[in-house]
Amino acid sequence: MKNITLESKLASDAVSVNGVSKTYPVPFLRLKKLLRRKFKPPVEALRDVSFNIRAGEIFGLIGPNGAGKTTLTKIIATLIQPTEGSATVNGHDTVRDDERVRRNVGLAGAEERSFYWRLTAEENLLFFARLYGLSGSDARRRIQELFQLFEFDELARRRFAELSTGNKQRLAVARAMLANPPVLLLDEPTRSLDPIAAARMRETIRSLAQDKDQRVTIFLTSHNLAEVEELCDRVAIISKGEIRAIDSPANLRATHTQQEEVLVEFTSLAVADAEHALRQSFSDRFFTLERRSGGSQWLLKFSREAGDETLDSVLRVLQQSGAVIRSVEIERPTLLDVLERYEKDPDTRE
Amino acid sequence: MILFLRRIWAFLARDWRLELSYRMQFFLRILSILIIVTTLFFISRIFTGFTDPRFTQWRDPLAAWLTGLAVLNYFMTGFSSLANAIRQEQVQGTLESVLMTPISVPTIIVASSAWDFVQATFFSFLYLFFGWLFFDVHYRGSFLLALGFLLLTTVVLSCLGILSASFAMVFKRGDPFGVFLGAGSALFSGVFFPTQLINQYAGPGVAGISRILPPTYGLEGIRRVLIEGEGFAQVREPFLTLVVFLAVLLPFSLWVFDRAVRRAKREGSLIHY
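Residue numbers (my numbering), protein chains in the order written: chain A, 170 to 519; chain B, 7 to 279.
Written out as structure tokens, the structure is:
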């Protein structure tokens, strides 16, 4: 019964990572020891990493440089073998059944050198499409679709070497999508894109995950935390090879702190009255009041528990004292705050 | 099978396009072959009438050299093309992208070398063709049997090439097979002179080296067929020796290559070079 449950769970999970550790071995360690040569200690890139990604989910992985993001991505892509543990894609083991895994996965890495620089964009995609087993006509049709999707038509016959960094990156994502894989691994897909192209790329990623015909599961690593927050259903924080937390961006922020900073901009000719009224109503709460641009414009700052009713009360008091509310801004903790917290305190874990 | 052929075609088309982007190199290579053949013709004139009657294959040294060079070119392609392809993909950074596709190890081995064999066939043919066209070199015997020898020896050397590529995959540089077979074949396999001379001048110990090199048997067989006009019954011995080489080396080299890919994946060094 237990096995059946596990199997059905594996089937519903597009990607499953179970206790994966990766230590990069020292090349020719025995020989170096024999010859008494100095060697650097083995690098422990991942330690007991476990998580599951549901089909159709956009799953983000964030962490500082050297945290293990690329290693983990390459393990799922079958390009690196784990030292311990296992990873499966749609139920296929990345080591024992690597060919099947590669049929299910498209990888768009951040490595520019992964194309043939003297071939055109179209020739490059044609080559890889054939390796994925597409016939000539199917390959051309699919490439045409992708060029339209990424607005690449005019660049199709340019040599890869002549493309801008951003266009090279878009081509890498197009290549990952050639065989319509159910799982996409995207390593910083918008890193070198201009803001408009980046927004379109995010839209494409979102639409792939929401596609009714074939919901694509997306594993995304990025240093652009706003993008991760915007796109991902769940985010894993990785630091020094360990997963420190996995949750939705909102829950991660909430776990970090419930406090929000509120900034209320208002105009008042009798600010002393307004301040007096606020201090009377909220004697237990600390707030600051600053004059803005020298006139009758003021900025009130205070903190509150996320979602409590303080703001409503403050606005009412201000209005009763004759103030006119100009704007209200709420500063919530960002994923950066969350990430920094995990980096500063190695024992923090959720 | 269709999938396998489609992938071979993908590599051929890719390499053809890459070759087209370096047109000059192609024409210079043709010119260099013509110059080599012409040079060998003039050198062969020095030996007219001085050939040792013991070496029947060498009565016309130009014919012996041209077959030697044509065949060596082909053999060396069999031996080095995969290692070169792997190394080139590593340097370009494209190896990971290729290995990310659902392509099996044997397919990579065959497909990576396919274009080099097409080229080698063309350039090897040019050696023989220029000899026939400009310098009146004639070949006799069964071309089919000679082709059989050529293919068999090439496949045997490809096995050594797979071992060499495994070396490139793990150690990145410094391939001992290349040094041994590259220089060794030219010296010990009878490309430029009869192997019997090694025995005469350096003794049987050194001459033994030529007996462990597959190209020796391939060259001997091809020359005996094309120059002396011998049939299968007479050249059965070198043929069967090559079959034994193949039976041992093919499974071993495939196993080693698979291990090398796995090791590179374990070390995370697929794109290192």
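Where a beta carbon is used, it is the ideal one built from N, C-alpha and C, also for glycine.
Original post:
Thinking C-beta only, is residue 347(A) closer than 9 Å to residue 303(A)?
Top reply: Residue mapping note: residue 303(A) aligns to position 134 of the first sequence, counting from 1. Residue mapping note: residue 347(A) aligns to position 178 of the first sequence, counting from 1. The criterion of a C-beta distance shorter than 9 Å is satisfied by residue 303(A) and residue 347(A).
Original post:
Distance, Cα to Cα, residue 247(A) vs residue 265(A)?
Top reply: Your numbering for residue 247(A) matches position 78 in the first sequence. Your numbering for residue 265(A) matches position 96 in the first sequence. Taking the CA atoms as reference points, residue 247(A) sits about 10 Å from residue 265(A).
Original post:
Should residue 281(A) and residue 386(A) be called a contact, given that it needs their Cβ atoms to be closer than 9 Å?
Top reply: Along the first sequence, one-based indexing puts residue 281(A) at 112. Along the first sequence, one-based indexing puts residue 386(A) at 217. No, these two residues do not count as a Cβ contact at 9 Å.
**OP:** Report buried or exposed for residue 211(B), applying the criterion of at least 16 other Cβ atoms within 10 angstroms of its Cβ.
**Re:** As a position in the second sequence, residue 211(B) is number 205, starting the count at 1. It is exposed - the Cβ of residue 211(B) has fewer than 16 other Cβ atoms within 10 Å.
**OP:** Could you tell me the distance, in whole angstroms, from the CA atom of residue 468(A) to the CA atom of residue 357(A)?
**Re:** What you label residue 468(A) is simply residue 299 of the first sequence in a count that begins at 1. What you label residue 357(A) is simply residue 188 of the first sequence in a count that begins at 1. C-alpha separation (whole angstroms): 38 Å.
Subject >> Collapsed DSSP secondary structure at residue 32(B) in the structure displayed >> reply: The count along the second sequence starts at 1 and reaches residue 32(B) at position 26. Residue state, collapsed to three classes: helix.
Original post:
DSSP state of residue 348(A), grouped into three classes?
Top reply: As a first step, residue 348(A) is located in the first sequence; it is residue number 179 there, counting from the start. Coil.
Original post:
Looking at the C-beta of residue 184(A), does it have a partner C-beta in chain B at a distance below 9 Å?
Top reply: Position 15 of the first sequence, counted from the first residue, corresponds to residue 184(A). Answer no: the Cβ-Cβ gap between residue 184(A) and chain B never drops below 9 Å.
**OP:** Spatial neighbours of residue 112(B) within its chain, please: CB distance less than 8 Å, with the 5 preceding and 5 following residues excluded, ordered by chain position.
**Re:** Counting from 1 along the second sequence, the entry for residue 112(B) is found at position 106. In the same chain as residue 112(B), and ignoring 5 residues on each side of it, the C-beta atoms closer than 8 Å to its own belong to 260, in chain order.
Original post:
Rounded to a whole number of angstroms, what is the C-alpha to C-alpha distance between residue 421(A) and residue 355(A)?
Top reply: As a position in the first sequence, residue 421(A) is number 252, starting the count at 1. As a position in the first sequence, residue 355(A) is number 186, starting the count at 1. Those two C-alpha atoms are separated by around 22 Å.
Original post:
What residue range is occupied by the uninterrupted alpha helix (DSSP H) comprising residue 213(B)?
Top reply: To locate residue 213(B), count along the second sequence from 1; it is residue 207. Residue range 202-217 is occupied by the alpha helix (DSSP H) that includes residue 213(B).
Subject >> Selection from 190(A), 185(A), 464(A), 262(A) that minimises the alpha carbon distance to residue 411(A) >> reply: Residue mapping note: residue 411(A) aligns to position 242 of the first sequence, counting from 1. The candidate whose alpha carbon is nearest that of residue 411(A) is 190(A).
**OP:** Ignoring anything shorter than 4 residues or poking outside the stretch 327-385 of chain A, list the alpha helix (DSSP H) runs there in chain order.
**Re:** Inside the stretch 327-385 of chain A, DSSP marks whole alpha helix (DSSP H) runs of 4 or more residues at positions 334-345, 364-379, from first to last along the chain.
Original post:
How should residue 477(A) be labelled, buried or exposed, when 16 other C-beta atoms within 10 angstroms of its C-beta is the threshold for buried?
Top reply: Here residue 477(A) is taken as the residue at index 308 of the first sequence, counted from 1. Per the 10 Å Cβ criterion, exposed.
Original post:
How would you label residue 457(A), buried or exposed, when you count the other beta carbons within 10 angstroms and need 16 or more for buried?
Top reply: Looking up residue 457(A) in the first sequence gives position 288. Residue 457(A) counts as exposed, since fewer than 16 other C-beta atoms from the protein chains shown sit within 10 angstroms of its C-beta.
Original post:
Within the 9 Å Cβ cut-off, does residue 207(B) reach chain A?
Top reply: The residue you call residue 207(B) lines up with position 201 of the second sequence. Output row for residue 207(B): interface = no.
Original post:
Can you find a CB in chain A that lies within less than 9 Å of the CB of residue 104(B)?
Top reply: Walking along the second sequence from the start, residue 104(B) turns up at place 98. So, interface residue.
Original post:
Do you know offhand how far residue 361(A)'s Cα is from residue 367(A)'s?
Top reply: If you number the first sequence from 1, residue 361(A) lands on position 192. If you number the first sequence from 1, residue 367(A) lands on position 198. Answer to the nearest angstrom: the Cα atoms are 8 Å apart.
Subject >> Buried or exposed (CB count within 10 angstroms, at least 16 for buried), residue 153(A) >> reply: Residue 153(A) lies beyond the range of chain A shown here (170 to 519); nothing can be said about it.
Original post:
residue 240(A) versus chain B: which residues are under 8 Å apart at the beta carbon?
Top reply: Walking along the first sequence from the start, residue 240(A) turns up at place 71. Those are 274, listed as they occur along chain B.
Subject >> CB contact check: residue 189(A) to chain B, cutoff 9 Å >> reply: Residue numbering aside, residue 189(A) sits at position 20 when the first sequence is read from its first letter. By the rule that beta-carbons nearer than 9 Å mark a contact, residue 189(A) does not touch chain B.
Original post:
For residue 499(A), which residues does DSSP report across the bridge?
Top reply: Here residue 499(A) corresponds to residue number 330 of the first sequence, with the count starting at 1. Beta-bridge partners assigned by DSSP to residue 499(A): 431(A).
Subject >> Inter-residue spacing [alpha-carbon to alpha-carbon] between residue 191(B) and residue 146(B) >> reply: Residue numbering aside, residue 191(B) sits at position 185 when the second sequence is read from its first letter. Residue numbering aside, residue 146(B) sits at position 140 when the second sequence is read from its first letter. Rounded to whole angstroms, the separation of the alpha carbons of residue 146(B) and residue 191(B) is 25 Å.
Original post:
Between the beta-carbon of residue 371(A) and the beta-carbon of residue 399(A), is there less than 9 Å?
Top reply: Looking up residue 371(A) in the first sequence gives position 202. Looking up residue 399(A) in the first sequence gives position 230. Taking C-beta atoms as the reference points, residue 371(A) and residue 399(A) count as a pair closer than 9 Å.
**OP:** Quick one: which unbroken alpha helix (DSSP H) runs of 4-plus residues sit fully inside the stretch 196-273 of chain A? Chain order, please.
**Re:** DSSP assignment within the stretch 196-273 of chain A yields the following whole alpha helix (DSSP H) runs of 4 residues or more, N-terminal first: 198-203, 238-245, 267-273.
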